[in-house]
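Input: a single structure, listed below in structure tokens.
There are 2 protein chains.
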Amino acid sequence: MSKTEARSRRPTLRDVAALAGVSYKTVSRVVNDEPGVSPTLAERVRQASAQLDYHPDHTASSLRRGDRRTASIGLILEDVSNPFSGAMYRAVEDVALARGVTVLAGSCDEEATRARTLVNEFVNRRVDGMIVVPPPGDLAPLLLGQRNGTAVVFLDRAPTYSGVDAVVSDNRRGAARGVAHLIRHGHRRIGFLGDEPTIWTAEERYQGYLDALAAHDLPVDLDIVRRDSQHGEARIQAVVAMLSASEPPTALFTGQNLITMDTIRALRAHGREHHVAMIGFDDFQLADLLEPGVTVIAQDSTGMGHRAAELVFERIAGDDRPAQLEIIPTRLITRGSGEIHPAYPD
Amino acid sequence: MSKTEARSRRPTLRDVAALAGVSYKTVSRVVNDEPGVSPTLAERVRQASAQLDYHPDHTASSLRRGDRRTASIGLILEDVSNPFSGAMYRAVEDVALARGVTVLAGSCDEEATRARTLVNEFVNRRVDGMIVVPPPGDLAPLLLGQRNGTAVVFLDRAPTYSGVDAVVSDNRRGAARGVAHLIRHGHRRIGFLGDEPTIWTAEERYQGYLDALAAHDLPVDLDIVRRDSQHGEARIQAVVAMLSASEPPTALFTGQNLITMDTIRALRAHGREHHVAMIGFDDFQLADLLEPGVTVIAQDSTGMGHRAAELVFERIAGDDRPAQLEIIPTRLITRGSGEIHPAYPD
DNA sequence: ATGTCCTCTGACAACGTTGTCAGAGTGTCT
DNA sequence: AGACACTCTGACAACGTTGTCAGAGGACAT
Numbered sequence: 035m036s037k038t039e040a041r042s043r044r045p046t047l048r049d050v051a052a053l054a055g056v057s058y059k060t061v062s063r064v065v066n067d068e069p070g071v072s073p074t075l076a077e078r079v080r081q082a083s084a085q086l087d088y089h090p091d092h093t094a095s096s097l098r099r100g101d102r103r104t105a106s107i108g109l110i111l112e113d114v115s116n117p118f119s120g121a122m123y124r125a126v127e128d129v130a131l132a133r134g135v136t137v138l139a140g141s142c143d144e145e146a147t148r149a150r151t152l153v154n155e156f157v158n159r160r161v162d163g164m165i166v167v168p169p170p171g172d173l174a175p176l177l178l179g180q181r182n183g184t185a186v187v188f189l190d191r192a193p194t195y196s197g198v199d200a201v202v203s204d205n206r207r208g209a210a211r212g213v214a215h216l217i218r219h220g221h222r223r224i225g226f227l228g229d230e231p232t233i234w235t236a237e238e239r240y241q242g243y244l245d246a247l248a249a250h251d252l253p254v255d256l257d258i259v260r261r262d263s264q265h266g267e268a269r270i271q272a273v274v275a276m277l278s279a280s281e282p283p284t285a286l287f288t289g290q291n292l293i294t295m296d297t298i299r300a301l302r303a304h305g306r307e308h309h310v311a312m313i314g315f316d317d318f319q320l321a322d323l324l325e326p327g328v329t330v331i332a333q334d335s336t337g338m339g340h341r342a343a344e345l346v347f348e349r350i351a352g353d354d355r356p357a358q359l360e361i362i363p364t365r366l367i368t369r370g371s372g373e374i375h376p377a378y379p380d
Numbered sequence: 035m036s037k038t039e040a041r042s043r044r045p046t047l048r049d050v051a052a053l054a055g056v057s058y059k060t061v062s063r064v065v066n067d068e069p070g071v072s073p074t075l076a077e078r079v080r081q082a083s084a085q086l087d088y089h090p091d092h093t094a095s096s097l098r099r100g101d102r103r104t105a106s107i108g109l110i111l112e113d114v115s116n117p118f119s120g121a122m123y124r125a126v127e128d129v130a131l132a133r134g135v136t137v138l139a140g141s142c143d144e145e146a147t148r149a150r151t152l153v154n155e156f157v158n159r160r161v162d163g164m165i166v167v168p169p170p171g172d173l174a175p176l177l178l179g180q181r182n183g184t185a186v187v188f189l190d191r192a193p194t195y196s197g198v199d200a201v202v203s204d205n206r207r208g209a210a211r212g213v214a215h216l217i218r219h220g221h222r223r224i225g226f227l228g229d230e231p232t233i234w235t236a237e238e239r240y241q242g243y244l245d246a247l248a249a250h251d252l253p254v255d256l257d258i259v260r261r262d263s264q265h266g267e268a269r270i271q272a273v274v275a276m277l278s279a280s281e282p283p284t285a286l287f288t289g290q291n292l293i294t295m296d297t298i299r300a301l302r303a304h305g306r307e308h309h310v311a312m313i314g315f316d317d318f319q320l321a322d323l324l325e326p327g328v329t330v331i332a333q334d335s336t337g338m339g340h341r342a343a344e345l346v347f348e349r350i351a352g353d354d355r356p357a358q359l360e361i362i363p364t365r366l367i368t369r370g371s372g373e374i375h376p377a378y379p380d
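Chains A and B are the protein sequences, given in the same order.
Residue numbering for the first sequence follows the working numbering, beginning at 35 and increasing consecutively.
Residue numbering for the second sequence follows the working numbering, beginning at 35 and increasing consecutively.
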């Protein structure tokens, strides 16, 4: 009741105009700093505006305006609460803020339907562009907005679909470099632990693993390859099992943050953390304080978010070059776990 | 050019109406599932709508609609890329999604001006409510929206200002409990490392520290209290200096995540991590894998975000009880660092 | 045949704003 | 004095949608 009243009393151009004794169009001019209003009148309007605490309605404005810009972009991440997503988000936000653009964001948890809901939502709100970390599955629905002129940029994962810009890490070469690093330290039997093949980055990193083995004429042994989306205890048990097998790997390459952490737990549980080498894809906080320090292939998450945001704004500004694929380099950070030599060279 | 065309070609009710051979109001009825459209006609409209890939313009709709709801809320955090903020964000998002509400979020980096910019932005976009982690300083500008009927809930920090709902951790009692835990393990000389007093949570936690000392008749020695916002190396050096003084503390209580990590580095640098006890406020990933494991006072960040979102939606729905202060309990998690006994009991 | 009621549909105004245009008022030049 | 240019202001339509109301057409009872 009082709520509704308060809401409806939110002052409009007309209210300010009535108070200042001018037409509402004149108020509009003052608010938008349009030329052609005498200073005296402008001042009077400004006072009335301040007195009523008037704030222009951005939605009404963008409805009427010719360019149809809402000065907002949508961002779809895997999960805002995960630090990798958070870093990209922050980078996007910084670029957007500098342009006075608001960011609408959502987490899709790798679920295509949730992503679809978010895209729909964003399209209905007429965002000027979208940055999407695409979940596995059919991507066509995610491009729904694009057909009507909404710019779309994929982030972190590059679909095979060709008509869309994408900004990704150099997953394959990064992984290959990490595995090569292990090989250089004498390892011949290197296990791989990654996410399911349906996740694009997981597949790329696995290919990098294969690349490195092939480059050094090492065989692939699927007994020491795990590609699934287990979490926590289940994953730990799987790793422990791999380490307890008759011919255990002397080194491990882990394809993702959470997997790296679970693997550390497994190595500890088995008392092998100082004997089995390990390199993880993606850096994380405190990796340097663990014993041993964790060697990683670090992604430039901030750089990726930054670049994706720049790209989407270029598209919004009218850039219509063919779709770009930007590959952001990774960095090998040695901290100890990746420099352990094999206990039993074969 | 082609961009503008594409944009302007986004189909409207009128386009669908023209294709279906009905008036645009009828299309509106079908889109909103209003009763009173014959099934035949409805079907024809639905086909036309699908054919043109029509999507209703949410902004135009909420402009016209009586209730003035935009089905969006604003969220102002300290920094989206920090895991504590991320967890709260995710919780808010989940509650909002369940109600079909979109979240606009921004980071303010503890800066009042940035927060003010975001609030203005949100107000101009007519969000239905806002959840704000208030930066230090004058909070009045943050309440700007409230006067016009936008619901506001403060999160993580409770201003002394009385007219606003707030959801906070039980900072003071949590800190007191942590310090008491150290005292119970025999410590009499416990250092405090916290953020600047202007930050509300930092001050609360410091009060908790004082409470615990007072409850056990221990003196406060400001030589082993540091309250500032140094980061990284500077902070590490300060801690090392404290540990190297003539009467070093036998235990440390750290008032925040990043401070805890810097302190761990300092203890390591000094080789004292197994001799000086430490408890940190706020849990963090991998705290259990460090040596020693880090004992913490854990906050329920998800619970806080969840509750704040529920509160804001209750307010939006018209609840006008007096402002609530919700205090979310904390949890002591023992992992080793807090259970170290003093090397030199006095 | 006429009146009454109901179902379905469309015309129109309105939300708060901006784009367009015309007109009022002032000043300058012939 | 009259013509002209210029500055300033306001009336009005329009953006895409929904709320309101009136009317067309059919079914039914009288």
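Backbone N, C-alpha and C define an ideal beta-carbon position, used for all residues, glycine too.
Owing to the predicted nature of the structure, the values given are computational and were not obtained by experimental measurement.
Subject >> Selection of the segment 132-145 of chain A by Cβ proximity to chain B, strictly under 9 Å >> reply: Here the close residues are G134, T136, V137, L138, A139, G140, S141.
Subject >> Nearest neighbour of R260(B), chosen from E237(B), V157(B), G208(B) [CA to CA] >> reply: With distances taken between Cα atoms, R260(B) lies closest to E237(B).
Original post:
Hey, does A82(B) have any beta-carbon neighbour from chain A nearer than 9 Å?
Top reply: With respect to chain A, the C-beta atom of A82(B) has no partner C-beta closer than 9 Å.
**OP:** Kindly say whether S106(A), judged by its beta-carbon, lies nearer than 9 Å to any beta-carbon of chain B.
**Re:** Yes, its Cβ sits closer than 9 Å to a Cβ of chain B.
Original post:
Hey, is R99(A)'s beta-carbon within less than 9 Å of any beta-carbon in chain B?
Top reply: It does not; no Cβ of chain B falls within 9 Å.
Subject >> chain B contacts made by the segment 66-90 of chain A, where a contact means CB separation under 9 Å >> reply: Going along the segment 66-90 of chain A in chain order, one finds D87, H89, P90 with a Cβ nearer than 9 Å to chain B.
Subject >> Nonlocal neighbours in the same chain, by C-beta distance under 6 Å from P45(A), ignoring five residues either side >> reply: Here the set comprises L86, Y88.
**OP:** Give a yes or no on contact between the segment 114-132 of chain B and the segment 182-192 of chain A, applying the rule of three or more CB pairs nearer than 8 Å.
**Re:** Cβ pair count under 8 Å is below three, so no.
**OP:** Count the CB pairs spanning the segment 290-305 of chain B and the segment 211-218 of chain B that are closer than 8 Å, and state whether there are at least three.
**Re:** Here the segment 290-305 of chain B does not lie against the segment 211-218 of chain B, with fewer than 3 beta-carbon pairs under 8 Å apart.
Original post:
Does DSSP put G134(A) in a helix, in a strand, or in coil?
Top reply: Coil at G134(A), not helix or strand.
Subject >> Whole-number beta carbon distance between F315(B) and I331(B), since they are thought to touch under 8 Å >> reply: Between F315(B) and I331(B) the Cβ distance is about 5 Å, and since that is below 8 Å, they are a contact.
Original post:
Can you name the start and end residues of the alpha helix (DSSP H) that A54(A) belongs to?
Top reply: For A54(A), the enclosing alpha helix (DSSP H) begins and ends at 47-54.
Original post:
Which residues, taken in chain order from the segment 311-331 of chain B, show a beta carbon closer than 8 Å to some beta carbon of chain A?
Top reply: Answer in chain order: F318, Q319, L320, L323, L324, E325.
**OP:** Could you tell me the distance, in whole angstroms, from the CA atom of S203(B) to the CA atom of L323(A)?
**Re:** Straight-line Cα distance between these residues: approximately 28 Å.
Subject >> Where the alpha helix (DSSP H) through E373(A) begins and ends >> reply: It is not in any alpha helix (DSSP H) - E373(A) carries neither H nor E in the DSSP assignment.
Original post:
Whose C-beta lies closer than 7 Å to the C-beta of G140(B) among residues of the same chain, with five residues either side of it excluded?
Top reply: Scanning its chain for C-beta atoms nearer than 7 Å, with the 5 sequence neighbours on each side dropped, one finds around G140(B) the residues I110, L152, in chain order.
Original post:
So with Cβ pairs under 9 Å, would you call S57(A) a contact of chain B?
Top reply: No, its Cβ sits nowhere closer than 9 Å to a Cβ of chain B.
Original post:
Can you list, in chain order, the stretches of the alpha helix (DSSP H) that have 4 or more residues and sit fully within the segment 259-337 of chain B?
Top reply: Within the segment 259-337 of chain B, the complete alpha helix (DSSP H) runs of at least 4 residues are 266-278, 291-303.
Subject >> Against chain B: residues of the segment 196-209 of chain A by CB proximity under 9 Å >> reply: Cβ contacts with chain B come from no residue of the segment 196-209 of chain A.
Original post:
Among the residues of its own chain, which have a CB less than 6 Å from the CB of R63(A), if the five just before and after it don't count?
Top reply: Excluding residues within five positions, the ones whose Cβ falls inside 6 Å are V71.
Subject >> Cβ shell of V273(A) (< 6 Å), same chain only, five flanking positions each side left out >> reply: Hits under 6 Å: T297, A300.
Original post:
Which of the three DSSP states, helix, strand or coil, is assigned to S57(A)?
Top reply: S57(A) falls in the coil class under three-state DSSP.
Subject >> Three-way DSSP call (helix, strand, coil) for V65(B) in this model >> reply: It is helical.
Original post:
Which chain B residues sit within Cβ distance under 8 Å of M295(A)?
Top reply: At a beta-carbon threshold of 8 Å, the residues of chain B lying near M295(A) are Q319, L320, L323, ordered along the chain.
Original post:
Nearest chain B C-beta to L178(A) closer than 9 Å, yes or no?
Top reply: True, the Cβ-Cβ gap to chain B drops below 9 Å.
Subject >> Own chain partners of V346(A) with C-beta closer than 7 Å, once the 5 adjacent residues on each side are dropped >> reply: Once the five neighbours on either side are set aside, the close Cβ partners of V346(A) are I107, G163, I165, A185, V187.
Original post:
Do you know how far the Cα of A357(A) is from the Cα of S196(A)?
Top reply: Roughly 7 Å separates the two Cα atoms.
Original post:
Taking the Cβ atom as the reference point for each residue, do P376(B) and H221(B) lie within a distance shorter than 9 Å?
Top reply: Note that the C-beta distance between P376(B) and H221(B) is below 9 Å.
Original post:
If you count every other CB in all the chains shown that lies within 10 Å of the CB of S371(B), and 16 or more means buried, which is it?
Top reply: By the 10 Å Cβ count, S371(B) comes out buried.
Subject >> Straight-line gap, A40(A) to A192(B) (C-alpha atoms, nearest Å) >> reply: Note that A40(A) scores 42 on pLDDT, short of 50, meaning its location in the model is unreliable and no value can be drawn from it.
**OP:** Would you mind giving the Cβ-Cβ distance between D257(B) and A279(B), rounded to the nearest angstrom? I have them listed as a contact below 8 Å.
**Re:** At roughly 7 Å, the Cβ-Cβ gap stays under 8 Å, so D257(B) and A279(B) are in contact.
**OP:** Output, in chain order, the set of chain B residues within a Cβ distance shorter than 8 Å of E230(A).
**Re:** Under the 8 Å cutoff, chain B gives no residues; its nearest Cβ is about 22 Å from E230(A).
Subject >> Any chain A beta carbon closer than 9 Å to H92(B) >> reply: Judged by the 9 Å Cβ criterion, H92(B) is in contact with chain A.
Original post:
Per DSSP, E360(A) forms a beta bridge with which residues?
Top reply: The partner list for E360(A) (beta bridge, DSSP) reads V201(A).
**OP:** Return yes when at least one heavy atom of the ligand NAP lies under 8 Å from the C-beta of R98(B), else no.
**Re:** As for the ligand NAP, it is missing from this structure, which has no ligand bound.
Original post:
What does V187(B) pair with, by DSSP beta-bridge criteria?
Top reply: V187(B) is bridged to I165(B), D199(B).
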